[in-house]
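J.: Using the working numbering, the letters of the sequence shown correspond one by one to residues 523 to 647.
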Amino acid sequence: MGEVRKLIEDPTFPNGWPVKETHIDHQLKWKDGVSKEYGVHGSAVGVDFDICIADGICITVCPVNVFDRMELPGEQEKMDKGITNDSGKAPLATWKADPARENDCIFCRACEIQCPVQAIKITEP
Ligand code: F3S
Ligand code: F3S
Ligand code: ZN
């Protein structure tokens, strides 16, 4: 098993993470030496796709519907073979929780608290 990371414990996110591109109306951040495949979507609501395993509790608990499921078909092979990501666990489904409407976040932090692999870091502006 590789290194286990938790975005919530990374004090360099979001300000120390360079912006790689824009996705919808949020940033995709990528830090060399840390990011491996997908990077982090969102800034105020940062979801590290290299840690997310598609648990989905974040989508269930968010009171203002910040997240969309973003399909990443390449995850199927990891599911089939039990290949772990930076959470130390294999993905449960072929999507990641994309903070498509992070500007609607009211900072209740339910997602951040409940994500079982600490893939989410909330940063109030
Ligand atoms: Fe929703 Fe998480 Fe913000 S649950 S309101 S995106 S802190
Ligand atoms: Fe992913 Fe954690 Fe949500 S694993 S789907 S960010 S609860
Ligand atoms: Zn995105």
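Each residue gets a CB set at the ideal place from its N, CA and C atoms; glycine is no exception. Source: prediction; values computed, not measured.
Return the first residue and the last residue of the alpha helix (DSSP H) that Val567 is part of.
T.: Looking up residue 567 in the sequence shown gives position 45. No alpha helix (DSSP H) holds Val567; the beta strand (DSSP E) holding it covers 567-570.
J.: I'd like to know if Thr534 contacts chain B, where contact means its C-beta is closer than 8 Å to some C-beta of that chain.
T.: Chain labels in this structure do not include chain B; a single protein chain is all it has.
J.: Going by the C-beta, is Val526 closer than 7 Å to any heavy atom of ligand 2?
T.: As a position in the sequence shown, residue 526 is number 4, starting the count at 1. No, ligand 2 has no heavy atom inside 7 Å of this Cβ.
J.: Alpha carbon to alpha carbon, how far is Val586 from Ala622? Give it in angstroms, no decimals.
T.: In the sequence shown, counting from the first residue as 1, residue 622 sits at position 100. In the sequence shown, counting from the first residue as 1, residue 586 sits at position 64. Computed Cα separation, rounded: 12 Å.
J.: Looking only at its chain, what residues have a beta carbon closer than 8 Å to the beta carbon of Ile628, apart from the 5 residues adjacent to it on each side?
T.: Taking the sequence shown and counting its residues from 1, the one referred to as residue 628 is at position 106. Correct list, in chain order: Pro585, Val586.
J.: Apply the 10 Å Cβ neighbour rule to Ile605 and answer buried if 16 or more other Cβ atoms are within range, or exposed otherwise.
T.: Here residue 605 refers to the residue found at position 83 of the sequence shown. Burial call: exposed.
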